[in-house]
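*Asks:*
Number of protein chains: 2
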Amino acid sequence: MNTTPVWSVDARTGARTAQVTVESTTGGVDDAVRAAHAAHPALADRTRRAAFLRAAADRLEARGDELIATADAETALGTGRLTGELARTSYQLRAFAEVVAEGAFLDVVVDHADPAAAPAPRPDLRRWKVPVGVVAVFAASNFPFAFSVPGGDTASALAAGCAVVVKAHPDHPATSELAATALREGAEAAGLPADVVRLVHGRRAGVDLVQHPLVSAAGFTGSVAGGRALYDLAAARPAPIPFHGELGSLNPVLVTEAAAAARAEEIGAGLAGSFTLGMGQFCTKPGLVLVPAGEAGDRLEKALAAGADAAASGALLDTRMRDGFLAGFAARAALPGVSAPVRAGEDGHAVRPGYVSVPAGLLADDAYRELLDECFGPVTVVVRYADPAEAEAVLARLPGNLTATLHAEPGEPAAAELLARLTPLAGRVLFGGWPTGVAVAPAMQHGGPYPATTSTGTSVGGAAIERWLRPVAYQGVPQELLPAELRDGAAGVPRRVDGVLER
Amino acid sequence: MNTTPVWSVDARTGARTAQVTVESTTGGVDDAVRAAHAAHPALADRTRRAAFLRAAADRLEARGDELIATADAETALGTGRLTGELARTSYQLRAFAEVVAEGAFLDVVVDHADPAAAPAPRPDLRRWKVPVGVVAVFAASNFPFAFSVPGGDTASALAAGCAVVVKAHPDHPATSELAATALREGAEAAGLPADVVRLVHGRRAGVDLVQHPLVSAAGFTGSVAGGRALYDLAAARPAPIPFHGELGSLNPVLVTEAAAAARAEEIGAGLAGSFTLGMGQFCTKPGLVLVPAGEAGDRLEKALAAGADAAASGALLDTRMRDGFLAGFAARAALPGVSAPVRAGEDGHAVRPGYVSVPAGLLADDAYRELLDECFGPVTVVVRYADPAEAEAVLARLPGNLTATLHAEPGEPAAAELLARLTPLAGRVLFGGWPTGVAVAPAMQHGGPYPATTSTGTSVGGAAIERWLRPVAYQGVPQELLPAELRDGAAGVPRRVDGVLER
Numbered sequence: 182m183n184t185t186p187v188w189s190v191d192a193r194t195g196a197r198t199a200q201v202t203v204e205s206t207t208g209g210v211d212d213a214v215r216a217a218h219a220a221h222p223a224l225a226d227r228t229r230r231a232a233f234l235r236a237a238a239d240r241l242e243a244r245g246d247e248l249i250a251t252a253d254a255e256t257a258l259g260t261g262r263l264t265g266e267l268a269r270t271s272y273q274l275r276a277f278a279e280v281v282a283e284g285a286f287l288d289v290v291v292d293h294a295d296p297a298a299a300p301a302p303r304p305d306l307r308r309w310k311v312p313v314g315v316v317a318v319f320a321a322s323n324f325p326f327a328f329s330v331p332g333g334d335t336a337s338a339l340a341a342g343c344a345v346v347v348k349a350h351p352d353h354p355a356t357s358e359l360a361a362t363a364l365r366e367g368a369e370a371a372g373l374p375a376d377v378v379r380l381v382h383g384r385r386a387g388v389d390l391v392q393h394p395l396v397s398a399a400g401f402t403g404s405v406a407g408g409r410a411l412y413d414l415a416a417a418r419p420a421p422i423p424f425h426g427e428l429g430s431l432n433p434v435l436v437t438e439a440a441a442a443a444r445a446e447e448i449g450a451g452l453a454g455s456f457t458l459g460m461g462q463f464c465t466k467p468g469l470v471l472v473p474a475g476e477a478g479d480r481l482e483k484a485l486a487a488g489a490d491a492a493a494s495g496a497l498l499d500t501r502m503r504d505g506f507l508a509g510f511a512a513r514a515a516l517p518g519v520s521a522p523v524r525a526g527e528d529g530h531a532v533r534p535g536y537v538s539v540p541a542g543l544l545a546d547d548a549y550r551e552l553l554d555e556c557f558g559p560v561t562v563v564v565r566y567a568d569p570a571e572a573e574a575v576l577a578r579l580p581g582n583l584t585a586t587l588h589a590e591p592g593e594p595a596a597a598e599l600l601a602r603l604t605p606l607a608g609r610v611l612f613g614g615w616p617t618g619v620a621v622a623p624a625m626q627h628g629g630p631y632p633a634t635t636s637t638g639t640s641v642g643g644a645a646i647e648r649w650l651r652p653v654a655y656q657g658v659p660q661e662l663l664p665a666e667l668r669d670g671a672a673g674v675p676r677r678v679d680g681v682l683e684r
Numbered sequence: 182m183n184t185t186p187v188w189s190v191d192a193r194t195g196a197r198t199a200q201v202t203v204e205s206t207t208g209g210v211d212d213a214v215r216a217a218h219a220a221h222p223a224l225a226d227r228t229r230r231a232a233f234l235r236a237a238a239d240r241l242e243a244r245g246d247e248l249i250a251t252a253d254a255e256t257a258l259g260t261g262r263l264t265g266e267l268a269r270t271s272y273q274l275r276a277f278a279e280v281v282a283e284g285a286f287l288d289v290v291v292d293h294a295d296p297a298a299a300p301a302p303r304p305d306l307r308r309w310k311v312p313v314g315v316v317a318v319f320a321a322s323n324f325p326f327a328f329s330v331p332g333g334d335t336a337s338a339l340a341a342g343c344a345v346v347v348k349a350h351p352d353h354p355a356t357s358e359l360a361a362t363a364l365r366e367g368a369e370a371a372g373l374p375a376d377v378v379r380l381v382h383g384r385r386a387g388v389d390l391v392q393h394p395l396v397s398a399a400g401f402t403g404s405v406a407g408g409r410a411l412y413d414l415a416a417a418r419p420a421p422i423p424f425h426g427e428l429g430s431l432n433p434v435l436v437t438e439a440a441a442a443a444r445a446e447e448i449g450a451g452l453a454g455s456f457t458l459g460m461g462q463f464c465t466k467p468g469l470v471l472v473p474a475g476e477a478g479d480r481l482e483k484a485l486a487a488g489a490d491a492a493a494s495g496a497l498l499d500t501r502m503r504d505g506f507l508a509g510f511a512a513r514a515a516l517p518g519v520s521a522p523v524r525a526g527e528d529g530h531a532v533r534p535g536y537v538s539v540p541a542g543l544l545a546d547d548a549y550r551e552l553l554d555e556c557f558g559p560v561t562v563v564v565r566y567a568d569p570a571e572a573e574a575v576l577a578r579l580p581g582n583l584t585a586t587l588h589a590e591p592g593e594p595a596a597a598e599l600l601a602r603l604t605p606l607a608g609r610v611l612f613g614g615w616p617t618g619v620a621v622a623p624a625m626q627h628g629g630p631y632p633a634t635t636s637t638g639t640s641v642g643g644a645a646i647e648r649w650l651r652p653v654a655y656q657g658v659p660q661e662l663l664p665a666e667l668r669d670g671a672a673g674v675p676r677r678v679d680g681v682l683e684r
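Quick mapping for you: the protein sequence lines, in order, are chains A and B.
Here our numbering runs 181 ahead of the position in the first sequence, where the first position is 1.
Here our numbering runs 181 ahead of the position in the second sequence, where the first position is 1.
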């Protein structure tokens with residue numbers, strides 16, 4: 182029996198405030214997965230599932246004050262930000278209720294039997310998608326609501342009809358318990374067993390979870406090291422399972438000479454705002470910015486420095502991240518030829534933002550590899566390029582990203598080519614603006630080439646549901662034995678019938 | 182430099198007939214991948230891509246006589262079967278041309294900017310899918326056309342806009358070379374570089390291919406052992422890639438008491454035809470059949486035995502498979518309590534089909550585990566169950582499958598429950614009929630839980646294209662810089678605009 186305590190820690194001081202629970206044992210994880218597996222068939226009814234998602238949103242809002250206060254103590258993200266994040270989380274649950282009700286995600290395809298079909302007679306075939314089974318969700322540190330217990334992975338998996346076992350993030354165990362309670366209350370309000378959502382705690386529990394034979398898929402938001410370790414376990418199982426992990430991203434930004442010339446101050450100030458937002462703890466933080474050498478770029482850096490200098494100090498999510506951020510900044514700033522126009526540092530338990538600047542040519546050297554790794558926290562790396570070839574050489578060395586951003590002027594001849602150049606690097610490509618801020622919208626893609634994501638899925642937007650489904654075709658099954666959505670004349674879900682798309 | 186010869190072997194005698202080429206070296210694989218990568222952008226034009234797929238089908242047909250004669254010598258599958266397979270393969274290429282022209286696979290979603298959106302103002306976002314890059318295709322032994330060089334993996338990857346490097350199957354290298362030539366001629370006829378399709382040979386080449394940094398995804402059809410080894414390599418890469426492998430499947434069939442009582446002779450004869458079709462070398466061969474104990478089941482077995490006894494001898498695809506089949510049959514038949522009413526065996530270089538029969542209760546013992554593993558070739562395992570609980574106990578021990586088949590009587594009360602029971606076991610669930618024969622149709626699902634497939638994809642039907650795409654969202658990009666399909670008012674592809682599905 183594991184009696185390792187799970188503590189709630191005040192992020193602003195690093196002090197333990199209360200014991201929330203104990204870490205889950207292997208037996209406890211097994212109980213949780215079996216309970217979720219037993220509850221899972223109850224989610225088959227789409228009407229009830231949609232009602233559950235709406236009720237869960239209602240329950241989160243009903244417990245909003247307590248959730249926000251608890252999360253603020255555990256994460257130091259501030260009540261303003263957390264109020265917005267909770268609203269986004271409730272919105273997301275309700276948006277998935279709409280997705281469930283519409284039914285397009287079922288991908289219904291009906292082909293009637295055709296004895297005259299070429300190249301061979303064709304049987305009656307009807308395909309749709311079914312839930313994969315129990316989904317393991319690994320919660321993130323930096324979004325205690327939107328990417329944690331009640332977040333996008335949970336919402337999309339429940340929407341797909343999968344029961345969920347969440348592994349709480351140790352940065353906010355009390356918040357996690359409260360959120361799980363709200364979700365379970367929502368299930369019961371919709372007439373579903375509460376065990377469609379279960380919660381486990383502790384690092385060992387995460388390993389047990391991803392290896393459990395009754396877990397059919399996993400979602401993860403976190404670090405490259407942690408995510409890759411779990412991905413490897415998922416792939417090494419006797420029966421491997423899909424592991425949809427969001428691990429890390431530099432989110433490169435390319436500023437053209439023309440854009441710097443026209444908007445140096447605006448871009449510099451915008452960058453300062455974006456890389457310090459939420460104390461740089463967004464997965465979409467712009468972590469590497471290609472800025473032209475020369476006068477326009479200098480003006481941009483000046484505005485950036487002013488913005489970074491003026492940015493507030495703040496606590497990071499936990500002490501480990503704080504120490505990692507300070508060490509990461511120091512290591513980058515100490516590289517020969519790298520300057521630190523605004524130096525990050527300690528401010529009591531809090532930290533001050535900073536940035537470094539480096540000539541692009543140096544990055545050809547593997548000794549500078551670290552500058553191409555994400556550093557969590559309020560730091561960005563400005564890379565000054567002398568000509569487009571230097572910028573291209575840096576782009577060619579980048580790993581995959583969630584986002585890539587182009588700052589160019591309207592009508593600039595190279596813009597189309599540069600956008601095409603950035604597309605292979607990321608899942609979301611921005612023209613202007615900043616990548617922080619991820620809209621919950623049908624067209625959102627939050628996921629990109631490895632290590633941004635370990636799959637081609639998205640963890641935000643309606644398409645996130647696709648990760649938890651698998652297709653099944655029924656052949657020659659009599660009408661009365663088919664699921665209602667697959668029967669002849671079934672109304673209410675978009676379908677493709679004998680090759681033709683129908684509403 | 183590798184000078185290991187690659188031989189064409191006469192499947193009917195096991196004798197080498199000609200040296201086709203030499204095995205590809207690591208440098209040769211690198212050349213092939215780099216050439217394909219360089220050619221890949223030329224596939225971006227959808228009109229040209231569709232023309233290419235049609236031209237490839239034309240070229241395969243133009244070379245049909247030579248392809249069929251070569252494949253018949255290398256596989257012993259017979260010119261009748263191979264003529265049909267080539268027609269299916271050409272049809273498949275043309276069907277993917279239609280998929281490309283229609284454009285639904287692009288999954289276009291447009292969300293216009295909405296400053297008043299809840300819970301936060303929304304930027305302009307437009308999402309579609311782009312090709313993942315170069316795809317490695319591992320050809321199968323048992324379908325020298327339809328699941329090999331010009332087969333479904335290649336056709337769907339090219340349709341997605343990916344260049345392809347195929348690793349030829351050693352059972353039919355001469356056929357592979359001819360088919361690759363036809364595809365490359367098709368590319369040139371459509372004004373594309375021939376290198377959108379490249380071919381490599383040899384086991385080492387397969388390993389090099391799946392590990393090559395410029396390969397972005399892989400498709401595989403073959404054995405559990407070979408597929409799992411390549412899957413593990415794909416997952417262990419510094420940047421893992423999707424590996425869509427079809428590995429192995431028992432394709433269970435459940436015959437209810439009522440169905441056996443009503444149609445014992447029809448079912449027994451149908452089963453004999455299905456498990457011996459193509460000398461049992463289909464991935465959808467029914468390999469385990471649950472038959473009720475008692476008189477009706479005895480009649481079914483009698484009809485099965487008569488059919489199996491009357492089935493023709495034939496050569497298997499290669500000597501290794503022949504030896505594996507004979508050893509596999511002998512090992513199964515030698516288990517205590519297992520009978521072999523029709524005994525498989527040698528007939529010169531050819532083999533005779535056979536089947537074994539076993540009481541269901543024995544399968545609870547791990548000593549009988551082998552009966553739940555696929556045995557390639559013309560053998561099936563009849564499992565006699567005394568009651569539904571015994572049948573359920575066997576189903577509970579089964580791994581994942583491509584198909585699962587229910588033989589029940591119309592109106593039988595348990596039919597709905599049994600169909601629901603079979604659904605978690607497979608990607609295609611049949612009511613009556615036999616799983617051999619995989620229609621190329623939009624509603625087809627050819628893929629199922631592991632080890633049937635290593636992903637949730639399908640390798641047959643229009644949805645096979647989805648495996649080679651990844652979503653990209655454009656944010657705030659001016660109209661003139663967007664791909665045509667994403668612009669306001671773009672016609673011609675199905676889209677979702679501001680939440681509403683449009684034709």
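Here a beta-carbon is modelled for each residue, glycine too, at the ideal position from N, C-alpha and C.
Just so we're clear, the structure is a prediction, and the values are computed from it rather than from any experiment.
Once you ignore the five residues that flank Glu-522 (chain A) on each side, which residues in its own chain have a CB closer than 7 angstroms to its CB?
*Replies:* On the first sequence, position 341 is the one that residue 522 (chain A) refers to. One point to set straight first is that residue 522 (chain A) is Pro, not Glu, in the sequence displayed. Excluding sequence neighbours, Pro-522 (chain A) sits near Glu-482, Ala-486, Tyr-536 and Ser-538.
*Asks:* Could you tell me which of B:Arg-365, B:Leu-497, B:Glu-283 and B:Phe-506 sits nearest to Phe-324 (chain B), measuring between CA atoms?
*Replies:* Start at 1 with the first residue of the second sequence, and residue 324 (chain B) comes out as number 143. If we check each option's Cα against that of Phe-324 (chain B), B:Leu-497 comes out closest.
*Asks:* Using beta-carbon positions only, say whether Ala-213 (chain A) and Val-396 (chain A) come within less than 7 angstroms of one another.
*Replies:* Here the question's residue 213 (chain A) lines up with position 32 in the first sequence. Here the question's residue 396 (chain A) lines up with position 215 in the first sequence. Result no, Cβ atoms of Ala-213 (chain A) and Val-396 (chain A) do not sit closer than 7 angstroms.
*Asks:* Pro-652 (chain A) bridges to which residues according to DSSP?
*Replies:* By 1-based counting over the first sequence, the position of residue 652 (chain A) is 471. In the DSSP output, where bridge partners are listed per residue, Pro-652 (chain A) has A:Lys-310.
*Asks:* Give the DSSP-derived three-state secondary structure of Val-396 (chain A) in the structure shown.
*Replies:* Within the first sequence, residue 396 (chain A) is the residue found at index 215, counting from 1. Reduced to three states, the DSSP call for Val-396 (chain A) is strand.
*Asks:* So which residues on chain B does Gly-306 (chain A) lean against when the C-beta distance must stay under 7 angstroms?
*Replies:* Taking the first residue of the first sequence as position 1, residue 306 (chain A) is located at position 125. The amino acid occupying residue 306 (chain A) in the given sequence is Leu; Gly does not appear at that position. Correct list: Ala-620, Ala-622, Ala-624 and Met-625.
*Asks:* Since Arg-480 (chain A) and Ala-440 (chain A) should fall inside the 8 angstroms C-beta cutoff, what is the C-beta to C-beta distance between them, to a whole number of angstroms?
*Replies:* Locating residue 480 (chain A) in the first sequence gives position 299, counting from the first residue. Locating residue 440 (chain A) in the first sequence gives position 259, counting from the first residue. In fact, because the Cβ distance is near 12 angstroms, the residues do not count as touching under 8 angstroms.
*Asks:* Quick one: what's Asn-582 (chain B) bridged to in DSSP?
*Replies:* Along the second sequence, read from residue 1 onward, the residue named residue 582 (chain B) stands at position 401. Looking at the DSSP assignment, Asn-582 (chain B) forms a beta bridge with B:Ala-607.
*Asks:* Measure how close the beta-carbons of Ala-654 (chain A) and Arg-609 (chain B) come, nearest whole angstrom, since I'm counting them as under 8 angstroms.
*Replies:* As a working note, residue 654 (chain A) is residue 473 in the first sequence. As a working note, residue 609 (chain B) is residue 428 in the second sequence. The pair is a contact, with the Cβ atoms about 5 angstroms apart (cut-off 8 angstroms).
*Asks:* Assign Glu-590 (chain B) to one of three DSSP states: helix, strand, or coil.
*Replies:* Within the second sequence, residue 590 (chain B) is the residue found at index 409, counting from 1. Residue state, collapsed to three classes: coil.
*Asks:* Please say whether Gly-449 (chain A) and Pro-559 (chain A) have beta carbons closer to each other than 7 angstroms?
*Replies:* By one-based count along the first sequence, residue 559 (chain A) stands at place 378. By one-based count along the first sequence, residue 449 (chain A) stands at place 268. Going by C-beta atoms, Pro-559 (chain A) is not nearer than 7 angstroms to Gly-449 (chain A).
*Asks:* From the DSSP output, which residues share a beta bridge with Pro-186 (chain B)?
*Replies:* Along the second sequence, one-based indexing puts residue 186 (chain B) at 5. Pro-186 (chain B) is bridged to B:Val-203.
*Asks:* What is the residue span of the alpha helix (DSSP H) that Pro-354 (chain B) lies within?
*Replies:* Mapped onto the second sequence, residue 354 (chain B) falls at position 173. From DSSP, the alpha helix (DSSP H) with Pro-354 (chain B) extends over 354 to 370.
*Asks:* Can you confirm whether Arg-651 (chain A), when its beta carbon is compared against all beta carbons of chain B, has any partner nearer than 7 angstroms?
*Replies:* Along the first sequence, read from residue 1 onward, the residue named residue 651 (chain A) stands at position 470. Taking Cβ atoms only, chain B reaches closer than 7 angstroms to Arg-651 (chain A), which makes this a yes.
*Asks:* So that I know if they touch, is there some Cβ in chain A lying closer than 7 angstroms to that of Lys-300 (chain B)?
*Replies:* Looking up residue 300 (chain B) in the second sequence gives position 119. The amino acid occupying residue 300 (chain B) in the given sequence is Pro; Lys does not appear at that position. Interface residue, yes.
*Asks:* Step through the CB atoms of chain A and report whether any lies within less than 7 angstroms of the CB of Pro-675 (chain B).
*Replies:* For this step, residue 675 (chain B) is matched to residue 494 along the second sequence. Interface residue, yes.
*Asks:* Using alpha carbons as the reference points, say which of A:Asp-389, A:Val-563 and A:Asn-432 lies closest to Pro-473 (chain A).
*Replies:* Residue numbering aside, residue 473 (chain A) sits at position 292 when the first sequence is read from its first letter. Among A:Asp-389, A:Val-563 and A:Asn-432, the Cα nearest to that of Pro-473 (chain A) belongs to A:Val-563.
*Asks:* Please tell me whether Ala-336 (chain B) and Phe-424 (chain B) are closer than 7 angstroms, where the distance is taken between their beta carbons.
*Replies:* Position 155 of the second sequence, counted from the start, is the residue given in the question as residue 336 (chain B). Position 243 of the second sequence, counted from the start, is the residue given in the question as residue 424 (chain B). Their beta carbons are not under 7 angstroms apart, which means Ala-336 (chain B) does not touch Phe-424 (chain B) by this criterion.
*Asks:* Please state whether the Cβ-Cβ distance between Ala-399 (chain A) and Val-388 (chain A) is less than 7 angstroms.
*Replies:* The residue given as residue 399 (chain A) occupies position 218 in the first sequence. The residue given as residue 388 (chain A) occupies position 207 in the first sequence. Not a contact, by the Cβ cut-off of 7 angstroms.
*Asks:* Using only alpha-carbon positions, find the residue among B:Ala-620, B:Gly-451, B:Val-658 and B:Gly-284 that is nearest to Leu-306 (chain B).
*Replies:* Within the second sequence, numbered from 1, the residue matching residue 306 (chain B) stands at position 125. It is B:Val-658 whose Cα lies nearest to the Cα of Leu-306 (chain B).
*Asks:* Hey, is Phe-463 (chain A)'s beta-carbon within less than 7 angstroms of any beta-carbon in chain B?
*Replies:* For the purposes of this step, residue 463 (chain A) is taken as residue 282 along the first sequence, with counting starting at 1. No, because no Cβ of chain B sits closer than 7 angstroms to the Cβ of Phe-463 (chain A).
*Asks:* Might you give, ordered along the chain, the residues of its own chain that have their beta carbon closer than 6 angstroms to the beta carbon of Ala-360 (chain A), omitting 5 neighbours on each side?
*Replies:* Translated into the one-based positions of the first sequence, residue 360 (chain A) becomes position 179. So the list reads Val-330 and Pro-331, once near-sequence residues are dropped.
*Asks:* Hey, quick one: how far does the alpha helix (DSSP H) through Pro-473 (chain B) stretch, first residue to last?
*Replies:* Taking the second sequence and counting its residues from 1, one reaches residue 473 (chain B) at position 292. Per DSSP, Pro-473 (chain B) belongs to no alpha helix (DSSP H); it is in the beta strand (DSSP E), 469 to 473.
*Asks:* Report yes or no: is there a C-beta of chain A within less than 7 angstroms of the C-beta of Gln-660 (chain B)?
*Replies:* As a position in the second sequence, residue 660 (chain B) is number 479, starting the count at 1. By this cut-off, Gln-660 (chain B) is not an interface position.
*Asks:* Using a Cβ-Cβ distance cut-off of 7 angstroms, determine whether Tyr-167 (chain B) contacts chain A.
*Replies:* An answer regarding residue 167 (chain B) cannot be provided, because it is not within the stretch 182 to 684 covered by chain B.
*Asks:* Quick one: is Val-290 (chain B) near chain C, going by C-beta distance under 7 angstroms?
*Replies:* Of the protein chains in this structure, namely A and B, none is chain C.
*Asks:* Along the chain, where does the beta strand (DSSP E) that runs through Lys-348 (chain B) open and close?
*Replies:* Here residue 348 (chain B) corresponds to residue number 167 of the second sequence, with the count starting at 1. That run of the beta strand (DSSP E) goes 345 to 348.
*Asks:* Would you mind telling me which residues of chain B sit closer than 9 angstroms to Val-610 (chain A), beta carbon to beta carbon, in chain order?
*Replies:* As a first step, residue 610 (chain A) must be located in the first sequence, where it is residue number 429. The contacting residues are Val-653, Ala-654, Tyr-655, Gln-656 and Val-658.
*Asks:* How would you write the range of the alpha helix (DSSP H) that Ala-229 (chain A) sits in, first residue to last?
*Replies:* The sequence position of residue 229 (chain A) within the first sequence is 48, counting from 1. Contrary to the premise, residue 229 (chain A) reads as Arg rather than Ala in this sequence. Element bounds for Arg-229 (chain A): 227 to 243.
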